[in-house]
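Peer 1: As given, the protein sequences belong to chains A and B, one line each in that order. Following this note's numbering, the numbering of the first sequence begins with 1 at its first residue and continues without gaps. Following this note's numbering, the numbering of the second sequence begins with 327 at its first residue and continues without gaps. Dropping a structure here in structure tokens format, bear with me for questions.
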Amino acid sequence: MRMIGRRLSLYALTAWVAITVNFLLPRLMPGNPVQTMIGKLTGQVTPAEMNAIQLSFGGSFKHGLFSQYITYLTQLLHGNFGVSITLGAPVGAILRESVPWTVGLIGFSTIISFAVGTFAGALLGWTRGSRLDSLIPAATFFQAIPYFFLGTVMLLVFASNLHWFPVLGAYSQNVTPGWNWAFVGNVIRYGELPVISIVLSSIAGWMLGMRNMMITMVGEDFVLMAVAKGLPRRKVIMHAARNAVLPSIANLSLAIGLVVSGALLVELVFNYPGVGDLLLQAVLNEDYPLIQGIFLVITLTVLCANLIADVVYLALDPRTRTEAAV
Amino acid sequence: MKILRLPKSPKVLLGLGIVGFFILLTIIGPWLAPYSPSATNFAANLTPSAHHWLGTTSLGQDIYSQLLVGARATMVVALVAGLVATVLSVTIGVAAGYLGGLPDDGLSLLSNVFLAIPGLPLLIVIDSYLPVNSRSNSFVIGLIISLTGWAWGARVLRAQTMSLRNRDFVEAARIIGEKRHRIMFTEIAPNLLPVLASSFLFTVLYSIGAYVTLAYIGLTSTAVWNWGTMLYWAQANNAPLSNEWYWFVPPGICIALVGTGLALVNFGIDEFINPRLRAAGITSRQRRKLGLPRRVRLGLTPVLRTTRAPRVNPAPAKLVSQ
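Right under this line is the structure:
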């Protein structure tokens, strides 16, 4: 429990740092972008909207930095992320629509990629030196390709030329969103290609990490003991794999941030209505409140995912329960 | 290099070859380019031909020239970011690992915070606030990328330093009365070299990805030619959907190749640090020649004797357990 406490305080601190960076950045950058933006907007938006935008940045610039910070934090606590300049709607409401898509797409692909990659890595580690080793350079190549590029190529080959998959978006225009089988099936159909491309780009990391741990494990005495006892091969592999997977799970919480960063761009390629696509629009339109809101939401979501991974790790490895390790 | 005895496996040699090729391209690429990358005086949308090896863009620019010129900006940013991030991670990681106690807690916390924040969104937020003229500056972009990329290296280096700190030779240096910074930099640091090299390569790999991504979103100056801006313009002109593969595939392949090269060299370093990872030390062809079993035996790390073994067994080579 102490470990969970320590991790919790780490994540709380991280969230605080992210929020503070978000607050300070527009003020420290040369040329004061927020002032410029507000100057540009004057006359274009209603005074009420202007007030809301100013509030989300921490109130009027006439107050001191500290009181702006307090206002900013209070606004955040009330769930007020500000108002998007281009879309004219509260950032919180916009995000509520796009976050589920991203969490679904990236979460699902990460789980598949982790499971398949770990399994393949265990096999590779066990059969070290065999022909399967030639998989490694291939996997490395896929890992080195930027996610969005692999997505683009797959879109071109499998969707627009071979017509195996639908081209763009998260669901067809013909179905109405809702909790019915037609819609869910459609979403799955449209999600196949993005999921495959994310899995292909991220699988190598899990595979190689697991392979290396597995090789180290295979040299341990307890594995030799299991073989000497005459356990069937499958049981021996499970024996070694269960121990080798622990560092992978410990790394899972740290790697989620990296995977999310890469996968956000896959949404862009496939026109997926998630946060990544939204982020690009916000960047192109210099919609600062929206950019900042998205950054905060992504960070907080990743932190939650980290915490889940930590709890899983704790449940799997009894040693961490007594020994606190951050 | 003597300190870093990389295993001379085909993987590592291939990796070194690829990386060397692209470093050469970084230096001479802009001179090799047949045309100016921005010149628009050709017909638009040409397919690859003898005059334009990779065709032209929809503005009539030569894509092959863009690819050659773009190598430099891409690699320079990646190297700047890799260097700065490595300096940061060495300073923070080694200090945390060696000093221990309160400084360690603080520095580890700092790197854990940076690890937990997803890098790319942070990078996008910082970059979107940059004044437009800084966005074309390779060094500014490199610095920002290094800010989000140092934490992993610091973590790895801290762990390695902690395991070195209590070794006998460090203890001896301490007893002799060496100064603390001298122990840190002349006793411990050289032993960190393989880990350091590996984390440098990893950071360069990360930086290429980050830079290309920023450019692809259009957050770096679109007037600076790099592989990311090429992808940006290709995407903006719908090249992927209109089958103009020669526009967007070459930069992507180049990025992937550089990445693969770096990763392959990294394998070599990993195998140097942990010799068990070597593909059993003996290639499958050698195995067959020596009549060894194809599969690696459990619990045994095979070693190939090059000098003649004591005459117990007449076989010229044999497996010994370690």
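Where a beta carbon is used, it is the ideal one built from N, C-alpha and C, also for glycine.
Can you find a CB in chain A that lies within less than 7 Å of the CB of I349/B?
Peer 2: no
Peer 1: Pull up the DSSP beta-bridge partners for A388/B, would you.
Peer 2: Per the sequence shown, the amino acid found at residue 388/B is Asp instead of Ala. Partner(s): T382/B.
Peer 1: Spell out a yes or no on whether the segment 116 to 136 of chain A and the segment 568 to 576 of chain B are touching, meaning 3 or more CB-CB pairs, one atom from each, closer than 8 Å.
Peer 2: As far as the Cβ criterion goes, the segment 116 to 136 of chain A does not touch the segment 568 to 576 of chain B, which means the pair count is below three.
Peer 1: Using 8 Å as the cut-off, can you tell me whether the segment 222 to 233 of chain A makes contact with the segment 153 to 165 of chain A, which would need three or more C-beta pairs spanning the two stretches below that distance?
Peer 2: Because the criterion of three Cβ pairs below 8 Å is not met, the segment 222 to 233 of chain A and the segment 153 to 165 of chain A do not touch.
Peer 1: T299/A and A18/A look like a contact to me (Cβ under 8 Å); what is the Cβ gap, rounded to whole Å?
Peer 2: With a Cβ gap of about 4 Å, T299/A and A18/A count as contacting.
Peer 1: Residues in its own chain within less than 7 Å of W376/A by CB, not counting five upstream and five downstream?
Peer 2: Any property of residue 376/A remains undetermined from this structure, which presents chain A solely from 1 to 326.
Peer 1: Classify K505/B as buried or exposed, calling it buried when 16 or more other Cβ atoms lie within 10 Å of its own Cβ.
Peer 2: Exposed, since its Cβ has fewer than 16 Cβ neighbours within 10 Å.
Peer 1: Report all residues from its chain with a CB closer than 6 Å to the CB of G587/B; omit the five preceding and five following residues, and keep chain order.
Peer 2: Closer than 6 Å at Cβ, skipping near neighbours: G341, I344 and V345.
Peer 1: Does the distance from the C-beta atom of V260/A to that of P444/B stay below 7 Å?
Peer 2: yes
Peer 1: Mind listing the chain B neighbours of N271/A? Cutoff is C-beta to C-beta under 8 Å, in chain order.
Peer 2: Under the 8 Å cutoff, chain B gives no residues; its nearest Cβ is about 11 Å from N271/A.
Peer 1: With respect to the alpha helix (DSSP H) encompassing V167/A, which residues constitute its N-terminal and C-terminal limits?
Peer 2: Careful: V167/A lies outside any alpha helix (DSSP H) and carries neither H nor E.
Peer 1: Using 7 Å as the threshold, is the C-beta distance between G276/B and A404/B below it?
Peer 2: The first residue shown for chain B is 327 and the last is 648, placing residue 276/B beyond what the model contains.
Peer 1: For A324/A and chain B, any beta-carbon pair shorter than 7 Å?
Peer 2: In this predicted model, A324/A has a pLDDT of only 43, less than 50, meaning its place in the structure is not dependable enough to derive any value.
Peer 1: Enumerate, from N- to C-terminal direction, the unbroken alpha helix (DSSP H) stretches of 4 or more residues contained entirely within the segment 247 to 314 of chain A.
Peer 2: 275 to 284
Peer 1: Measuring CB to CB, does R242/A end up less than 7 Å from L124/A?
Peer 2: no
Peer 1: Using three-state DSSP, classify A606/B as helix, strand or coil.
Peer 2: With a pLDDT of only 48 at A606/B, under 50, the local geometry of the prediction cannot be trusted, and no value is derived from it.
Peer 1: Quick one: residues in its chain with C-beta nearer than 8 Å to the C-beta of I501/B, no 5 flanking neighbours on either side, listed in chain order?
Peer 2: The same chain holds no residue with a CB closer than 8 Å to that of I501/B once the five nearest residues on each side in sequence are set aside.
Peer 1: Please compile the residues from chain A whose C-beta is within a distance smaller than 7 Å of the C-beta of S464/B.
Peer 2: None at all; the shortest Cβ gap to chain A is about 18 Å.
Peer 1: Can you look up P90/A in the DSSP assignment and give me helix, strand or coil?
Peer 2: Of the three classes helix, strand and coil, the one that applies to P90/A here is strand, per DSSP.
Peer 1: Less than 7 Å between C-beta atoms, sequence neighbours within five positions excluded: which residues of the same chain meet that for G386/B?
Peer 2: T366, N367, F368, A369 and A370
Peer 1: Which whole-angstrom value is the C-beta distance of P447/B and F295/A, which I expect to be below 8 Å?
Peer 2: P447/B to F295/A, Cβ: 5 Å. Contact.
Peer 1: So, at 6 Å on beta carbons, what are the nonlocal neighbours of I595/B in its own chain, with the 5 sequence-adjacent residues on each side left out?
Peer 2: Here I595/B has P520, A523 and S524 as same chain residues with Cβ atoms under 6 Å from its own Cβ, once five neighbours each way along the sequence are excluded.
Peer 1: Measure the CB-CB distance between D277/A and E286/A and report whether it falls below 7 Å.
Peer 2: no
Peer 1: Does chain B have any CB closer than 7 Å to the CB of F23/A?
Peer 2: For F23/A, the nearest beta carbon of chain B is not closer than 7 Å to its own beta carbon.
Peer 1: If you draw a straight line from the alpha carbon of H78/A to that of L254/A, how long is it in whole angstroms?
Peer 2: 29 Å
Peer 1: With a 10 Å radius around its C-beta and 16 neighbouring C-beta atoms as the bar for buried, classify D221/A as buried or exposed.
Peer 2: D221/A should be labelled exposed.
Peer 1: Shortest alpha-carbon distance to W206/A belongs to which of L162/A, I256/A and L316/A?
Peer 2: When the alpha-carbon of W206/A is set against those of L162/A, I256/A and L316/A, the nearest one is in I256/A.
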